[in-house]
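Here's the structure, in C-alpha cells; my notes come after.
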Amino acid sequence: MPDNVILRISNVSKSFGAIRALRGVDFELRRGEIHALAGENGAGKSTLMNVIDGILRPDSGEIIWDGKPVRISSPTKAQKLGIGFVHQEIALCPDVSVAENIFMATTNISRSFLMDYKGLEAKARDVFRQLSDIDPSVLVRDLSISNQQLVEIAKALTLDCKVLILDEPTAALTETEAQVLFGIMRRLADSGIAIIYISHRMVEIFDNCDRVTVFRDGQYITTRNVAEIEPGDVVNAMVGRKIENLYPDKQTPEETSQDVILEVQGLTQAPRFRDVSFQLRKGEILGIAGLIGSGRSEIVKGICRLGGDVTGEVRLNGRQLTLKHYQDSIDAGMVYLSEDRKGDGIFLDMPIAANVSALKLDQVASNLGMIQSDLEYSQAASLGDRLNLKCGHLSDPVSSLSGGNQQKVAIAKMLSVSPKLIFLDEPTRGVDVGAKAEIHRILRDLARNGVGIVMISSELPELIGVSDRVLVVREGRISGEVAGEMMTEENIMHLASGLDAQELTA
Ligand SMILES: Nc1ncnc2c1ncn2[C@@H]1O[C@H](COP(=O)(O)OP(=O)(O)OP(=O)(O)O)[C@@H](O)[C@H]1O
Ligand SMILES: [Mg+2]
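Basically the numbering used here = 1-based index in the sequence shown + 17.
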C-alpha cells in the first residue's frame with residue numbers, strides 16, 4: 018500500500034572524495050514497521066541515515082516524505098518533520114546532567130515561551146523509567162558507556178517522532194537492557210511509528226524486525242520480509258559470498274598446556290573488585306563474562322594499571338611484575354583494548370597509520386627519534402589488509418571511517434606492538450560478521466602462537482563461540498568458571514546474576 022509509506026529514498030548517491038559511499042540507493046519505510054538495515058562495515062548505512070537526518074546533503078537523488086519530495090537541509094529540519102535519530106557514536110554533552118541532555122534535544126525544535134516544561138519533564142521521566150534506573154540529575158560524564166547509550170535512546174524517544182532511526186543502539190548494551198529496548202520499539206511501532214534499526218547482530222534482526230534491507234558497497238541489494246528468509250540469506254547478501262564458519266576451532270586436547278602465561282592472585286581494588294585470582298594458560302582464549310557494572314572491565318584495567326591503585330600479585334610468564342602505569346604494562350608486553358574506542362581507544366583526528374603505531378612509537382622511530390613514516394605506513398597497511406580495513410588512504414583521519422572500521426584500527430593498533438598478552442574489552446562491537454569472523458581467527462592464531470588472550474564480551478554467543486574457558490564476574494568477584502559442555506548461555510547468566518534459569522525467564 019503506497020500511502021502506508023512514510024519515507025522513500027530514491028536513487029540517492031553520496032561520495033566523499035573518491036569514496037562512493039552511496040551509489041543510487043533506494044529504500045522504503047512503512048508506518049508501523051521495524052525495518053532493519055544490514056550491511057558490512059562501510060556499506061553506507063550510517064551515511065544514508067545522515068542524509069535522512071539532514072546532516073549530509075546527497076549528491077543526487079530524491080527523498081520523499083509522506084508522499085512529497087523534501088529537502089532535508091539540517092537536523093533541525095529533520096526533527097521538525099518528525100525524524101528522531103539515535104547515532105552510532107554517542108553524542109551527548111558530558112558536562113551537563115542527563116536531564117539537561119534530554120531537554121536540549123526538545124528545546125532545540127520548539128523555542129516557544131509556551132513550551133510545556135512540566136509535561137516534557139514528566140514525559141522524560143516516564144521514558145526513562147521504562148529504560149533504566151539512572152538518576153536524571155547525574156552528569157553524563159559519570160555514566161558508563163552503556164548508560165550513556167540509554168540516555169541517547171531516551172533523548173530520541175522523548176521527541177514526538179514519526180520515524181525513529183536507531184544506528185546500532187545495542188552495541189553497548191547487555192542482553193537485558195537490549196530486551197527492554199526491543200519491547201519499547203515494538204510498542205512504538207504498534208502506535209504507528211516507523212523504525213529503522215541498524216545492527217550487525219542477526220539474532221536481533223530476526224527476533225525484532227519486520228523487514229530487512231541489505232546494502233553492499235554503497236549499493237542497494239534487496240528488501241525482504243524477515244519471516245520469509247533465514248539469517249544466512251542476509252549474511253550472504255551482505256558479503257556477496259558464503260561465510261562457512263563463524264567461529265574458529267577451539268583448542269584441541271593435544272594443544273592444552275600446563276604452562277601459565279598470566280597468574281593473578283588476590284587482586285583487589287575495593288569497592289570495585291576483591292580478591293580476584295585466576296590463571297591463563299598457554300594457547301587458550303579466556304573469556305570473561307558478567308553483567309554491566311559487575312567489575313569485568315575494572316579487573317582487567319586493574320591488571321594493566323589503567324585505573325588507580327590495586328593490591329595483589331600479577332605474574333607474566335612466571336615473573337612477578339611491578340607495574341605503576343599502563344606504559345609499564347605495555348613495556349612488559351600486556352596491552353588492553355578499551356571498550357570505549359572514542360574515549361581512549363583511538364585518536365580520531367589523527368591519521369589511520371599514526372594510530373596503528375601509537376602504542377610503541379620507538380618501534381617505528383629511527384635513531385634520531387623521527388617517526389619513519391614508510392615503516393609506519395607499511396605496518397598499518399599490512400595490519401589493515403589482515404583486518405580487511407575499508408578506507409580511502411592511510412593518511413586520512415580515523416574519524417572518516419565507518420564505525421566498524423574504526424574498531425578495526427583500534428585492534429590493529431594493539432597488534433602493532435606484538436604483545437605477549439592481550440586483554441580485549443568488547444573487541445567486535447559494531448564489527449560486521451565477516452570481519453568479526455576474521456578477528457576471531459586472528460585471536461585464535463595468536464593464541465596458537467603463544468600469545469595470551471583474555472576477552473570480555475557481552476555477546477554470549479561470541480564468548481562461548483571463541484573462548485576455551487569463561488570466568489564469570491559478579492559484584493566484583495569471580496563467581497564461577499565454565500568450560501567445555503558447561504559453557505552455555507544459561508550457566509553463564511546464572512553465575513552472572515545469581516539467579517537460576519527459572520527466575521531468569523520469569
Ligand atoms: N565524513 C566522511 N569522510 C570520508 N569518508 C567517509 C565519511 N563518512 C563515511 N565515509 C566513508 O563512507 C563509507 C560508508 O560509511 P558508513 O559510515 O556509511 O558505513 P556503515 O555502513 O555505517 O558501516 P559500519 O557498520 O561500520 O558503521 C565508508 O567507506 C566510510 O569510510
Ligand atoms: Mg555505521
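Ideal placement from N, C-alpha and C gives every residue a C-beta, glycine not left out.
Closest Cα partner of residue i within the set the options
i      : options                        : result
Leu463 : Glu50, Pro265, Leu24, Arg25    : Pro265
Asn253 : Phe232, Ala211, Glu271         : Phe232
Val22  : Ile210, Asp112, Glu185         : Ile210
Cys178 : Asp348, Thr191, Ile213         : Ile213
Ala454 : His52, Asn405, Thr93, Ser419   : Asn405
Leu109 : Thr285, Leu156, Arg241         : Leu156
Leu507 : Val490, Ile72, Ser496, Leu477  : This sequence places Glu at residue 507; Leu is not what is there. The shortest Cα separation from Glu507 among Val490, Ile72, Ser496, Leu477 belongs to Leu477.
Phe145 : Ser419, Ala171, Cys226         : Ala171
Val352 : Ser30, His104, Lys437, Ile80   : Lys437
Ile316 : Ser163, Ile473, Val426         : Ile473
Glu247 : Val220, Gln236, Leu340, Gly257 : Val220
Ala500 : Ala429, Val468, Lys267         : Lys267
Ala173 : Ser114, Lys140, Asp234, Ile89  : Lys140
Asp207 : Gly401, Asp227, Arg241         : Asp227
Arg403 : Ser412, Ala370, Ile459         : Ile459
Ser395 : Ser419, Val415, Ile369, Lys407 : Ile369
Ala38  : Glu272, Ser374, Asp234         : Asp234
Ile36  : Glu443, Cys408, Gly497         : Cys408
Pro186 : Arg298, Arg218, Thr93          : Arg218
Arg298 : Ala287, Arg289, Glu272         : Glu272
Leu176 : Glu245, Ile509, Gly99, Leu148  : Gly99
Distance between residue j and residue i (C-alpha atoms, nearest Å)
i      : j      : result
Lys62  : Met367 : 24 angstroms
Leu54  : Phe102 : 14 angstroms
Ile278 : Val293 : 16 angstroms
Ala382 : Val483 : With a pLDDT of 48 at Ala382, under the threshold of 50, the modelled position of this residue cannot be trusted, and the question is left open.
Arg332 : Gln296 : 9 angstroms
Met431 : Asp143 : 42 angstroms
Glu502 : Arg486 : 10 angstroms
Ile182 : Leu205 : 12 angstroms
Val229 : Val243 : 6 angstroms
Leu441 : His457 : 11 angstroms
Ser417 : Arg291 : 41 angstroms
Ala95  : Asp224 : 29 angstroms
Leu263 : Gly451 : 8 angstroms
Phe364 : Asp76  : 29 angstroms
Asn466 : Lys31  : 43 angstroms
Gly84  : Leu24  : 8 angstroms
Ser433 : Ile201 : 42 angstroms
Leu411 : Ala398 : 8 angstroms
Gly310 : Thr64  : 33 angstroms
Phe130 : Lys97  : Low confidence applies to Phe130: its pLDDT is 49, below 50, so where it sits in the model is not reliable, and the reading given next is rough at best. Their backbone Cα atoms lie some 18 angstroms apart in a straight line.
Ile222 : Ser475 : 17 angstroms
Arg203 : Ile51  : 8 angstroms
Val180 : Val471 : 40 angstroms
Gly78  : Asn334 : 60 angstroms
Met255 : Ala287 : 46 angstroms
Distance cut-off 7 angstroms: residue i Cβ against heavy atoms of ligand 2
i      : result
Ser419 : yes
Ser63  : yes
Gln105 : yes
Asp184 : yes
Near ligand 4: residue i beta-carbon under 7 angstroms from a heavy atom
i      : result
Lys407 : Of the ligands one can find in the structure shown, namely ligand 1 and ligand 2, none is ligand 4.
Cβ-heavy atom distance, residue i to ligand 1, below 7 angstroms
i      : result
Asn422 : yes
Asp449 : yes
Phe33  : yes
Ala429 : no
Gly59  : yes
Gly56  : yes
Leu36  : Reading off the sequence, residue 36 comes out as Ile, not Leu. Within the cutoff, so yes.
Boundaries of the beta strand (DSSP E) in which residue i is found, first to last residue
i      : result
Tyr343 : Tyr343 -> not in any beta strand (DSSP E); alpha helix (DSSP H) instead, spanning 343-349.
Gly447 : It is not in any beta strand (DSSP E) - Gly447 carries neither H nor E in the DSSP assignment.
Host alpha helix (DSSP H) of residue i (start-end)
i      : result
Ile246 : Here Ile246 belongs to no alpha helix (DSSP H), and DSSP marks it neither H nor E.
Leu365 : From DSSP, Leu365 is part of no alpha helix (DSSP H); its letter is neither H nor E.
His511 : 506-514
Arg158 : It is not in any alpha helix (DSSP H) - Arg158 carries neither H nor E in the DSSP assignment.
Arg203 : 192-207
Val1   : Limits of the chain in this structure are 18 at one end and 523 at the other, which puts residue 1 out of reach.
Residue j beta carbon less than 8 angstroms from that of residue i
i      : j      : result
Gly304 : Leu480 : yes
Asn422 : Gly56  : no
Gly49  : Asn28  : no
Glu192 : Leu167 : no
Glu330 : Gly283 : yes
Ala513 : Leu190 : no
Asn372 : Val426 : yes
Ala188 : Gly447 : yes
C-beta neighbour in chain B for residue i, strict 8 angstroms
i      : result
Cys226 : Of the chains in the structure shown, none is chain B; there is only one protein chain.
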